[in-house]
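Participant:
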Amino acid sequence: MQDSGGSSSGLPKRFEWESVEASCLERWNLASASRASEGEPFSMVVPPPNITGRLHMGHALNLTIQDVAARYRRMQGRDVLWIPGIDHAGIAAQNVVERQLRAEGVDYKSLGRDAFVERVWRWKESIGSGILDQIRRLGASLSWDHERFTMDPGFSRAVREVFVRLYEDGALYRAERMIHWCPRCLTALSDVEVTHQDRDGELYFIRYVDAERPEDSLVVATTRPETVVADLALAVNPEDDRYVAWVGRRVRVPMTDRTIPVVTDTTVDPGFGTGVLKITPSHSMVDFEIGQRHGLGALSVIDERGIMNAQAGPLSGLPLEKARVRAVEVLDSVESLVRREPHKNAIGVCYRCQTEVEPRLSLQWFVRMAPLAARAREAVAAEEIRFFPDNWEKTYFEWIDNIRDWCISRQIWWGHRIPAWTCQDCHHLSVLRNDPEVCPHCGGVNLIQDPDVLDTWFSSALWPFATMGWPEETPDLRRFYPTNLLVTGFDILFFWVARMIMMGLYLTDRVPFRDIYIHALVRDEFGQKMTKSRGNVVDPLELMERFGTDAFRLSLALLATPGRDIRLSVERVEAARNFVSKLWSAFRYISLVVPPGTPSLDDLASCRGIANRWILSELARLQTAYREAMESYRYDEGALLVYRFTWSLFCDWYLEATKGDFERDPSDPLRIETAGTLVTVGSILLDLAHPVMPFVTEELSRLFEFSNGCTGTGESPVLAGRIPEGWGEPFDRIRSMVGSVRQTRSVMKIPPTQEITSALVLLSPDAGDPAALWPFLERLGKLSRSADPSLKGLRAPFRDGYLVLGLGGLVDFSREADRLEKEILKLGEKIAEVSGRLSREDFVRKAPPEVVEKDRGLVVTLEEERKGLEVALDQVRAFLGETP
RNA sequence: AGGCGGAUAGCUCAGUCGGUAGAGCGCAGCUCUUACACAGCUGUUGUCGCGGGUUCGAUCCCCGCUCCGCCUACCA
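Throughout the first sequence, residue numbering follows my numbering, covering 944 to 1827 in sequence.
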């Protein structure tokens, strides 16, 4: 690069991200093993993806945000630990392997427990690090030497320790309770594992006749006629005058030969249906409670698979759906069905398989939540933990304040086995850290371990500290716990976030993390949730391959406005790709004009070039705004700032404005200064862009041998405070002059390439030195300086002067006249608005003086501007007169 | 039923600690000017959801309403 000609080819013409990404990834994997343990620690744990998973948009967004945080902190010199890992995903994984077996014609039950679990492990090994590899490709700079699995030996020990400790503290109990049961997964679920779906159903009105006087009857409205056979009472509200006479009487249950009492309960809503509620304690949460209050006992008619059992009379042997149809037929045939009407209601379904859940009475393990929740509430209330955005606090409190005990036992095989043994001899229940040989109570050898496993989320709740070696007092725990930041989606706020807080406080006496960044859901371009059944799932890997990973990450970062769902469209990724190209080509240009090894500016204060001063002052502003955005987790804003600076200021103005400098002699001081400025700005800019676009920025930094954060070879200087006030002004004036010329040029349809002879007239001494202005006007406005001081032509006005464009009579001036008229009208409206405000006595008296001052100044400026335009318009009209 | 979020240019969305309303995409015109056509220049469009209130001034704050999304909830 000896001269500005093309003797050197510079960078490749296009950013070849395929190969660049590959070599970066290789380097990073090597680098992660040797983390420097200096600097203030900064730690995060990744939300462990399910072992069953494949990288989806949610992961991509989640990891991009975390990686931006990690890289940003790393560049600040922090010692970053970001722990990767995978969740064993109990029910989900069990389902996958069950399906595989079924495809082979094998019922998993017939395999037996040990063989089945073995099979799941084998499957786990066969997937290998599938999803983690995909995470790597995203550029996520995790601490790979810290990878964990929720069922690895250390983690399993931690889980068992927690279980035992909770039990010993009385925070854990086993009891027979109503729980949500999935008849397909054949296991209990916790409250949060049940999601609600609105379904169109029917309300059936059923007649129950008086046991003594068959002519009297009550009508009950129900959505579940199949449970009539399990009715143990009818209930009315004690305040309900319509039914006072019925209380204490007995009615006959249709389809059976049983009679049941009519009772009162205040929870019955007189306004719903007929005001009479049928009570089936075994198959409804509410009814169970009412049943308890009235000592009704239990009658179960549905088995664990959702099939009506022998107690179900005419419905016996039917699955629930068919049982309902049958029940209606039977009721109708015995004239018990009064009528039916359409009815919408929300039914609970299993979050793993969408099967309707059944309330079911069974023996399960529960965590007593109230005490844990109290501390968890306090931690957030006292701002030991902060939500970003903070409105999630409300949702969090809402749940915490209405917490119910957590059912943690699952009737599946894949997961952490519950460490509880029952002695067959003395019936003593032992909960133990180590598998027992004999009963600790009686010494008997007939011990049977509880067959259940723990809710997957029970182990997930330990993630922030168990991954660091808890319950051991490890160096990692001492140095990195509590973690600084948790990044996750709102959909697992209760499943995961709240429980980590509770367990963290309970077990480590400290919050597990300080800040929680809650991000939104990624939807498709129409705002629909991406689901397999809709077929609108966009594969992140596909987008990465098509547009490059940097572009993909940038598009996510730009779209990640807090508190708002993201609509991802290919166009947005395309736009981001265009930006990456732009960035690349800008640096290609630099490589063509700046000799290799050019140092940064060593003394900013001695910088003289108008454009150089301007870009430095703009960069200083960018740095400040960027820092503010990044520190408040506004990564979207940080990315946008970089985007705008790069494209609209650096490329559109600065690079164009300084091209002339490189036509000067290589030893020219301005040329040298501009080269130094390019290096300074370029290097800092790459650092700012690096957290979001790690590949392209590192590649460019390496090619240019910058000592900056991208390559880990230096730190970017902070410009704020080092750039004198007003350094940007002269070039800003040039920008407005050029803008005016370009407008006129465009309206007159003069090709951008056609040079126009012009004269510069400055009306104010602050407007600048013509000799300094002309080189920029020539280049940016494609003007040539006229020697004729009385040059005639169109005026392109600006704040304190105008340019005379010597166009001759060759063009159509009426267009320019139209434009100017429009412009003048617009300005007039604005002036009227502001001066109208100023003429109101109220405003001048009550508004802050600086606001009034600003408006006064504004009117003056606007009027000056208008005057310039008016003169220009006169000029055009004169031309129009001359050239009819 | 309660809670949260949204309603701003044709589309997707920023934004304003209350004081001349922005970007990307699109559209129109002119340009292949050796960094970039994945580009440049210029232009284009807004009762800032509706109704009140506070204020000198509201798109922004407060109250109410309408629509859209989501979450929580034992209305059978």
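The beta carbon of each residue, even a glycine, is placed where N, CA and C say it ideally should be.
Predicted, not measured: the structure shown is a model, and the values here were computed from it.
#1: Which runs of the beta strand (DSSP E) at least 3 residues long sit entirely within the segment 1459-1541? Give them in chain order.
#2: Counting only runs that start and end within the segment 1672-1751, where is the alpha helix (DSSP H) found for 4 or more residues in a row?
#3: Beta carbon of Tyr1831, beta carbon of Val1271: below 8 Å?
#4: May I ask you to report which of helix, strand or coil DSSP gives Gln1019?
#5: Name the two residues that bound the continuous beta strand (DSSP E) containing Lys1287.
#6: I believe Ala1131 touches Gln1307 by the beta-carbon criterion, under 8 Å. Please report the beta-carbon distance rounded to the nearest angstrom.
#7: What residue range is occupied by the uninterrupted alpha helix (DSSP H) comprising Ala1046?
#8: Tell me which same chain residues have a C-beta within less than 8 Å of the C-beta of Arg1466, skipping the five on either side of it?
#9: Which partner residues of His1371 appear in the DSSP bridge assignment?
#10: Under the three-state reduction of DSSP, which class applies to Gly948: helix, strand or coil?
#11: If I follow the unbroken beta strand (DSSP E) through His1237, where does it start and stop?
#12: Do Val1162 and Val1281 have their beta-carbon atoms positioned less than 8 Å apart in this structure?
#13: Using the rule of at least 16 other Cβ atoms within 10 Å of the residue's Cβ for burial, across every protein chain shown, is Val1388 buried or exposed?
#14: I want to know whether the segment 1286-1304 touches the segment 1189-1207 - three or more CB-CB distances under 8 Å.
#15: Quick check on the DSSP output: the beta strand (DSSP E) that includes Lys1221 runs from which residue to which?
#16: I need the DSSP call for Trp1906, collapsed to helix, strand or coil.
#17: Roughly how many angstroms separate the alpha carbons of His1226 and Val1187, rounded to a whole number?
#18: Less than 8 Å between C-beta atoms, sequence neighbours within five positions excluded: which residues of the same chain meet that for Asn1252?
#19: Going by C-alpha distance, which of Ser1591, His1031, Asp1608 is nearest Lys1067?
#20: Residues in the same chain with beta-carbon distance under 7 Å from Glu1336, minus the five sequence neighbours each way, listed in chain order, please.
#21: In angstroms, rounded to a whole number, what distance separates the CA positions of Ala974 and Val1440?
#22: Do Leu1429 and the ligand MG come close, with the Cβ less than 7 Å from some heavy atom?
#23: Whose C-alpha, out of Asn993, Ile1666, Asn1377, is nearest the C-alpha of Phe1106?
#24: Ignore the nearest five residues each way along the sequence and tell me which others in Val1273's own chain have a CB closer than 6 Å to its CB.
#25: For Met1121, I'd like the list of residues in its chain whose CB is within less than 6 Å of its CB, leaving aside the five on either flank, ordered along the chain.
#26: So who's on the other strand from Pro1204, going by DSSP bridges?
#27: Whose C-beta lies closer than 7 Å to the C-beta of Phe1438 among residues of the same chain, with five residues either side of it excluded?
#28: Could you work out which residue in Thr1620, Phe1647, Glu959, Val1523 is closest to Ser1549 when comparing CA atoms only?
#29: Just curious, the beta strand (DSSP E) that Trp1161 is in, first and last residue?
#30: Can at least three beta-carbon pairs, one atom from the segment 1002-1014 and one from the segment 1494-1502, be found at a separation below 8 Å?
#31: Return the bridge partner residues of Phe1593 from the DSSP annotation.
#32: Under a three-way DSSP split, which group does Ala1176 fall into?
#33: Could you give the residue range of the alpha helix (DSSP H) that holds Met1443?
#34: Quick check on DSSP: helix, strand or coil for Ala1131?
#35: Does DSSP put Leu1646 in a helix, in a strand, or in coil?
#36: Comparing alpha-carbon positions, which option in Val1219, Leu1448, Lys1735 lies nearest Pro1425?
Facilitator: Working from what's here:
#1: Correct list: empty.
#2: 1672-1690, 1713-1724
#3: For the chain, the structure presents residues 944 to 1827; residue 1831 sits outside this window and is missing.
#4: Taking the first residue of the first sequence as position 1, residue 1019 is located at position 76. DSSP places Gln1019 in coil when its eight states are reduced to three.
#5: Numbered from 1 along the first sequence, position 344 holds the residue referred to as residue 1287. Lys1287 -> beta strand (DSSP E) spans 1280-1293.
#6: Reading the first sequence from its first residue, position 188 is the one you call residue 1131. Reading the first sequence from its first residue, position 364 is the one you call residue 1307. Contact holds; Cβ gap of about 5 Å.
#7: Residue mapping note: residue 1046 aligns to position 103 of the first sequence, counting from 1. For Ala1046, the enclosing alpha helix (DSSP H) has its first and last residue at 1033-1046.
#8: Along the first sequence, read from residue 1 onward, the residue named residue 1466 stands at position 523. Cβ neighbours of Arg1466 beyond the five flanking positions: Lys1472, Met1473, Asp1508, Ile1509, Arg1510, Leu1511.
#9: Along the first sequence, one-based indexing puts residue 1371 at 428. In the DSSP output, where bridge partners are listed per residue, His1371 has none listed.
#10: As a first step, residue 948 is located in the first sequence; it is residue number 5 there, counting from the start. In this predicted model, Gly948 has a pLDDT of only 36, less than 50, meaning its place in the structure is not dependable; the value taken from the coordinates is given anyway. Residue state for Gly948 is assigned as coil, using DSSP reduced to three classes.
#11: Sequence index remark: in the first sequence, residue 1237 carries index 294 (1-based). Careful: His1237 lies outside any beta strand (DSSP E), inside the alpha helix (DSSP H) at 1228-1237.
#12: Working through the first sequence from its first residue, we reach residue 1281 at position 338. Working through the first sequence from its first residue, we reach residue 1162 at position 219. Yes, they are a contact pair.
#13: Residue numbering aside, residue 1388 sits at position 445 when the first sequence is read from its first letter. By the 10 Å Cβ count, Val1388 comes out exposed.
#14: no
#15: Residue numbering aside, residue 1221 sits at position 278 when the first sequence is read from its first letter. Counting along the chain, the beta strand (DSSP E) containing Lys1221 begins and ends at 1219-1222.
#16: A question about residue 1906 goes unanswered here, because the residues of the chain that appear run from 944 up to 1827.
#17: Along the first sequence, read from residue 1 onward, the residue named residue 1226 stands at position 283. Along the first sequence, read from residue 1 onward, the residue named residue 1187 stands at position 244. Distance between the alpha carbons of His1226 and Val1187 is about 27 Å.
#18: Taking the first residue of the first sequence as position 1, residue 1252 is located at position 309. The residues are Ser1243, Val1244, Ile1245, Asp1246, Ser1259.
#19: The residue given as residue 1067 occupies position 124 in the first sequence. Taking only the C-alpha atoms, the option nearest Lys1067 is His1031.
#20: The residue you call residue 1336 lines up with position 393 of the first sequence. The answer, listed in chain order, is Val1323, Phe1330.
#21: The residue you call residue 974 lines up with position 31 of the first sequence. The residue you call residue 1440 lines up with position 497 of the first sequence. Rounded to the nearest whole angstrom, the CA to CA distance from Ala974 to Val1440 is 31 Å.
#22: Absence of the ligand MG is noted for the structure shown, with no ligands found whatsoever.
#23: For the purposes of this step, residue 1106 is identified with residue 163 of the first sequence, where counting begins at 1. With distances taken between CA atoms, Phe1106 lies nearest to Asn1377 out of Asn993, Ile1666, Asn1377.
#24: Residue 1273 sits at position 330 when you count from the first residue of the first sequence. Excluding residues within five positions, the ones whose Cβ falls inside 6 Å are Met1198, Pro1257.
#25: As a working note, residue 1121 is residue 178 in the first sequence. Excluding positions up to five away in sequence, the list reads Met1228, Phe1231, Pro1302, Leu1304.
#26: Within the first sequence, numbered from 1, the residue matching residue 1204 stands at position 261. Answer by DSSP bridge pairing, in chain order: Arg1193.
#27: For this step, residue 1438 is matched to residue 495 along the first sequence. Excluding residues within five positions, the ones whose Cβ falls inside 7 Å are Val1135, Trp1400.
#28: As a working note, residue 1549 is residue 606 in the first sequence. The shortest Cα separation from Ser1549 among Thr1620, Phe1647, Glu959, Val1523 belongs to Thr1620.
#29: Position 218 of the first sequence, counted from the start, is the residue given in the question as residue 1161. The amino acid occupying residue 1161 in the given sequence is Leu; Trp does not appear at that position. Counting along the chain, the beta strand (DSSP E) containing Leu1161 begins and ends at 1160-1165.
#30: yes
#31: Taking the first sequence and counting its residues from 1, one reaches residue 1593 at position 650. According to DSSP, which records beta bridges pairwise, Phe1593 is partnered with nothing at all.
#32: As a position in the first sequence, residue 1176 is number 233, starting the count at 1. If DSSP states are grouped into helix, strand and coil, Ala1176 belongs with the strands.
#33: Position 500 of the first sequence, counted from the start, is the residue given in the question as residue 1443. Here the alpha helix (DSSP H) through Met1443 covers 1442-1451.
#34: Here residue 1131 corresponds to residue number 188 of the first sequence, with the count starting at 1. Three-state DSSP puts Ala1131 in a strand.
#35: Along the first sequence, one-based indexing puts residue 1646 at 703. DSSP places Leu1646 in helix when its eight states are reduced to three.
#36: Looking up residue 1425 in the first sequence gives position 482. Ranking Val1219, Leu1448, Lys1735 by Cα distance to Pro1425 puts Leu1448 first.
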